[in-house]
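In UniProt numbering, the protein residues as written are 1 to 377. The C-beta atom is built at its ideal place from N, Cα and C for all residues, glycine as well. Values in this document were obtained by computation on a predicted structure and should not be read as measured data.
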C-alpha cells in the first residue's frame, strides 16, 4: 500500500470515529431531552391531580429495577481502586472511637458495632487488599491464557494442517463435461435427469454440490468453488426442473424458490441443496483427511418400470426387500469411455428407498454396493 493510500485510510478512520462520537452524543442528548419531557409531564400531572391511578401495582417491578441499578453501581464502584481509596481513608482514619481512653467510657454494644463496621470497611474498601485481589485474578487469567496458548501451539505443531489450491481448470472441465454449462459457460439443463422425480433431481445436484464444498473447503480459492456450486449447479438444477415440467425458469424459481424447496409426504418443507446464505457463510478450513469427490457426478440412476420387491438391497449389510431396481446410465457420452473403462454402464442395481436417497446425496458410493448383486436386464 502506498503512502498516499495509507494517509487516506487514516483520514477515513479518523472521520469515521468522529462521526460515531457525534452520533453517540446526539443519541445521549435526545435521551436526556426525552427524559426531561417525561419528568416534566409527570410533575405537572402530580400537581394538577391527586396522582396517577393504575389498575395494577408496579411497586415490585420498580423495586427490582432500582435494585438492579444499585447493584450495578456498587459493582462498578468496587471495581475501581481509585474510588475506594478516599472513602476508605475517610472512614478508617482519625476516628476518636479507636482511642482506648474513649472506648473504655462507651457501651460494649457501641464498641462492638464500631469494630464490625471497621472490619467491613477494611474488607470491602481497603485499596491494598483490593489491588492484591485484582492482581491475583489477573495473574490467574494470564496463566490460563498462557496455558491455552501453549495447548493451541502444541496442537497446531503436532497436527498436519495445509492449504492447497483447487484446480480451477479441471473443475471447469468437469462442470462442462457433466453438462452443467454450455459452451458459453452459462448454466444449462441436463435432459437425461428429467426422467427422475423432482426430489431425486435436487438430491443429485445437492450431493455433488455438498461433496465439492466439503472437499475443496481447504483450498485458498474456495470462493471459486462456492460460485460454481451456488450459481452454476443451482441454476442448472432449476433449468432441469423447468424443462421436465415444460415451464420457464421464472416459474421454476417461483415454485421451488432459489433454495430448491420440496415437500415430503407429510407436507413439510425439505431443503437438500445448500442455500445461498449457507454457502456464503462457509469459511476456509484446513485439509485433514478429506473424502474423495466421487459418487453420482458422471452417472444417473433411472428407475425401472416394475416395483416388485423380489430382490434384496444391494448395499452391504442391508436386509431390506422393499426395494426398487435402478439402471445405471453414463451421464456424459462425450467422455468416450468403452466397456472396459466403464463396466457399470446400463447395469441394474437394487436399492431400498433410504440407500438410493443416500446415493444421490453423496453419503454412499458404488463402493458400498455388493457387486455380485448387480444385474443385466
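{"Query": "Apply the 10 Å Cβ neighbour rule to residue 219 and answer buried if 16 or more other Cβ atoms are within range, or exposed otherwise.", "Result": "buried"}
{"Query": "Identify, in the order they occur along the chain, each residue of the same chain with its Cβ nearer than 8 Å to the Cβ of residue 350, setting aside the five sequence neighbours on each side.", "Result": "311, 312, 313, 314, 323, 324, 325, 326, 373, 375"}
{"Query": "Determine the closest residue to residue 174 out of 193, 141, 212, with distance taken between C-alpha atoms.", "Result": "212"}
{"Query": "Output needed for residue 301: all residues of its chain with C-beta closer than 6 Å, excluding positions within five of it in sequence on either side, in chain order.", "Result": "326"}
{"Query": "Mapping DSSP to helix, strand and coil, what is residue 184?", "Result": "coil"}
{"Query": "Following the continuous beta strand (DSSP E) through residue 349, name the residue where it begins and the one where it ends.", "Result": "348–352"}
{"Query": "Quick one: Cα of residue 119 to Cα of residue 60, how far?", "Result": "33 Å"}
{"Query": "How about residue 166 and residue 235: do their beta carbons lie closer than 8 Å?", "Result": "no"}
{"Query": "To which residues does DSSP link residue 383 through a beta bridge?", "Result": "An answer regarding residue 383 cannot be provided, because it is not within the stretch 1 to 377 covered by the chain."}
{"Query": "Given this structure, state the Cα-to-Cα distance separating residue 192 from residue 249, to the nearest angstrom.", "Result": "18 Å"}
{"Query": "How many Å lie between residue 138 and residue 108 at the Cα?", "Result": "42 Å"}
{"Query": "If you draw a straight line from the C-alpha of residue 171 to the C-alpha of residue 231, how long is it?", "Result": "14 Å"}
{"Query": "By Cβ distance below 6 Å, which residues in the same chain neighbour residue 345 in space, the five residues on each side in sequence not counted?", "Result": "330"}
{"Query": "Compute the Euclidean distance between the alpha carbons of residue 2 and residue 14, then round it to the nearest angstrom.", "Result": "19 Å"}
{"Query": "By a C-beta neighbour count over all protein chains shown, 10 Å radius and 16 as the cutoff for buried, is residue 34 buried or exposed?", "Result": "exposed"}
{"Query": "Can the beta-carbon of residue 238 be found less than 8 Å from the beta-carbon of residue 252?", "Result": "yes"}
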